[in-house]
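Just so you know, the working numbering puts 1262 at position 166 of the sequence shown, and the rest follows in order with no gaps.
In this text, a Cβ means the ideal position worked out from N, Cα and C, and glycines have one as well.
Fair warning: this is a prediction, and the values are worked out from it, not measured in the lab.
Have a look at the structure below, then the notes.
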Amino acid sequence: MNYTIKQVDKFKYIEEGEGEPLILLHGLFGALSNFGDLINYFKNHNKVVVPILPLLDMDLLHTSVGGLQKFVHKFIEYHDFHNVHLLGNSLGGHVAILHVLKQPERIKSLILTGSSGLFENGMGDTYPKRGDYDYIKKKTELTFYDPKIATKELVDEVYEIVNNRLKAIKIIALAKSAIRNNLGEDINQIKQPTLLIWGNNDAITPPFVGREFHRLIPNSELHFIDKCGHAPMMEVPDEFNRILHKFLTKLNEPAAVA
């Protein structure tokens, strides 16, 4: 995936295409590569924007879901985006929900896939086992239904993060913040049309989490994808893009006159 990373002020991001903004928020161990197929497809229909979240660059005091939400708010305000379709995977979904609850004005729709915010299985109580490559490899493979998607490059990225003491501390701070910041009592206040795309084999935010989001968010629709884990946009990009495209197209159709 060879897209130019722009840097304006303190923001680094990818921006491709024209149209209503589709902003993609990655998860705790996420990267721009997670969204490669999604960018390639939707840049023909939307202005696709992927901000690089400063997961490991904020000071420890602000290394939290709330700190990331403030960053996203500043990013959207800085670019003066309107009618935003805000999509988040995993921790990125959690940040997206918090943003819609706090700053709903510019958001047209919300798309969540494998989102935290209600319940998640983290890397486990023993995480992070620094120096144990096989352990990190197994934990990374758990993200996917097909463990082969956890390439050596992906495992190496995670391994490098958890073996850096300061980065590991920040990852733990974010994971703990996500657990503390449970949004179950507030989610029913979301007014935006919401699309939930869930892997039927998600071991981190299992299918019951998707069902609970669907129950709590008034104007939501839920789609499950078989043989798919925690990152559907990576594992089954064609199916993911089809569901999302149909949802966005429907939003822009004029309402039928009775």
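- When you compare each of Y1137, E1335, E1256 and M1330 to D1228 by their alpha carbons, which one comes out closest? Scanning Y1137, E1335, E1256 and M1330 for the CA closest to the CA of D1228 turns up E1256.
- Query: Name the DSSP bridge partner or partners of F1107?
  - Reply: F1107 is bridged to V1104.
- Item | I1101 classed as buried or exposed, judged by whether at least 16 other C-beta atoms fall within 10 angstroms | I1101 is exposed by the Cβ-count criterion.
- Item | Euclidean distance between Cα positions of K1106 and L1124 | One alpha carbon belongs to K1106, the other to L1124, and they sit about 20 Å apart.
- Query: Cα separation between N1297 and Y1241?
  - Reply: Approximately 6 Å between the Cα atoms of the pair.
- Under the three-state reduction of DSSP, which class applies to I1148: helix, strand or coil? Under the three-state reduction of DSSP, I1148 is assigned to coil, being neither helix nor strand.
- Query: Alpha carbon to alpha carbon, how far is T1222 from T1239?
  - Reply: Here the model assigns T1222 a pLDDT of 46, short of 50, so the residue's position is not dependable, and the following value carries that caveat. About 17 Å.
- Report the three-state DSSP secondary structure of P1350 (helix, strand or coil). DSSP places P1350 in the coil class of the three-state scheme, outside both helix and strand.
- Query: What residues are listed by DSSP as bridge partners for T1209?
  - Reply: The beta-bridge partner set that DSSP reports for T1209 consists of N1185 and I1293.
- Does the distance from the CB of S1205 to the CB of T1290 come in under 8 Å? Going by C-beta atoms, S1205 is nearer than 8 Å to T1290.
- Give me the Cα-Cα distance between I1338 and V1254, rounded to the nearest whole angstrom. Reading off the sequence shown, one finds Arg at residue 1338, where the question assumed Ile. The alpha-carbon separation between R1338 and V1254 amounts to approximately 30 Å.
- Measure from the alpha carbon of L1121 to the alpha carbon of each residue in V1104, K1248, E1317 and F1171, then state which is nearest. The residue with the shortest Cα to Cα distance from L1121 is F1171.
- Task: Identify which residue in H1310, D1252 and G1132 has its Cα closest to the Cα of V1332.
- Result: Among H1310, D1252 and G1132, the Cα nearest to that of V1332 belongs to G1132.
- Item | Paired residues, beta bridge with V1332 - DSSP | Residue pairing by DSSP places V1332 in no beta bridge whatsoever.
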